[in-house]
Ligand SMILES: Cc1ncc(COP(=O)(O)O)c(C=O)c1O
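Numbering (the numbering used here), first residue to last: 2 to 303.
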């Protein structure tokens, strides 16, 4: 991962924090911050291409919706969140960047009950070229099934991009990396195929695009974009429950996410997949769309 050797708290630049840009190294929180102890935060991951944040409003709206799900009263409007992200990007001087907005419960109250805490908000932008290395993205990443499962909707706030939900993702990904793989595939509480630790999953069966129904994990913005692209290219898209034993019959498979973009998967638990024509087409079209002028993106979205 490019740049990962420079600690994230020791970089030049500015971070948007609670209403203004502050020097990067001063963007700190107190030890008794509620989110640090109880995972009470909601975040976003966005990418800017050619100075334009792709699907900015969709990401900002998901942050607001996630805060609502987490009983966090964020006092910022959609426009104010959009503005903070755009200002942060501008201050970074970057045209292509990854942006990380986060809303979290502060240190105003400690304990499980935290109704007296304020909801803080910050955004950072940095250069994060590709989640997986270019070689991996070309030949396909190696994936192994995790022993952790996505919880049911009545076990966790599954639709929010909530910090606490990533605890099992980090554990899964560490185990996968230690075993020599790039990522872990998570099943859900029913044993159905769900997603990777930070990206959604697609499979090609006889030229059709199949993807798990997102009823207990994030319905990714990239996922929705890729489904739209596929339909516009005449590819049939099927959302359904997918069982692990079906995967050996898939012809291609790939992952989607803001950080991962469209990343081919080369094998899952030793089952090998080629990087086939559907994956290549959708990856190319996605790359074209994110760099298209904003009006062209709106038209496609409509
Ligand atoms: C767990 C998880 N699933 C799916 C996704 C893909 O979501 P999106 O395409 O909106 O980035 C992400 C990335 O944000 C994620 O963290």
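Where is the CB? At the ideal position from N, CA and C, for every residue including glycine.
Exercise for the section: Whole angstroms is fine: what's the gap from residue 64's alpha carbon to residue 289's? Expected result: Cα to Cα, the separation comes out at about 26 angstroms.
Problem - Separation of residue 7 from residue 239, as counted between CA atoms - result: One C-alpha to the other measures close to 42 angstroms.
Practice task
Say yes only if the C-beta of residue 212 is nearer than 7 angstroms to one or more non-hydrogen atoms of ligand 1, and no if none qualify.
Solution key: Residue 212 Cβ: outside cutoff for every heavy atom of ligand 1.
Practice task
Determine the contact status of residue 44 and residue 102, defining contact as a CB-CB distance below 8 angstroms.
Solution key: It is a contact, given that the beta carbons lie within the stated cut-off.
Problem - Every unbroken alpha helix (DSSP H) inside the segment 74 to 159 [4 residues or more] - result: Entirely contained in the segment 74 to 159, the alpha helix (DSSP H) runs reaching 4 residues are, in chain order, 79 to 93 and 135 to 140.
Practice task
Could you check which residue in 280, 25, 245 and 287 has the C-alpha nearest to that of residue 126?
Solution key: The residue with the shortest Cα to Cα distance from residue 126 is 25.
Practice task
Locate the beta strand (DSSP E) running through residue 15, then write down its first and last residues.
Solution key: That run of the beta strand (DSSP E) goes 15 to 18.
Problem - CB of residue 242 within 8 angstroms of CB of residue 213, strictly - result: Contact annotation: residue 242 and residue 213 have beta-carbon atoms nearer than 8 angstroms.
Practice task
Return yes when the C-beta of residue 183 is under 7 angstroms from any heavy atom of ligand 1, and no when it is not.
Solution key: The answer is no for residue 183.
Handout entry: Reduced DSSP secondary structure (H/G/I, E/B, other) of residue 313
Key = A query on residue 313 cannot be resolved here, the shown segment of the chain reaching from 2 to 303 and no further.
Exercise for the section: Return the CA-CA distance between residue 128 and residue 99, expressed in angstroms with no decimal places. Expected result: Roughly 6 angstroms separates the two Cα atoms.
Problem - CB of residue 142 within 8 angstroms of CB of residue 201, strictly - result: Using a Cβ distance threshold of 8 angstroms, residue 142 and residue 201 do not count as a contacting pair.
Problem - Check: residue 257 C-beta below 7 angstroms from any heavy atom of ligand 1 - result: At least one heavy atom of ligand 1 is nearer than 7 angstroms to the Cβ of residue 257, so yes.
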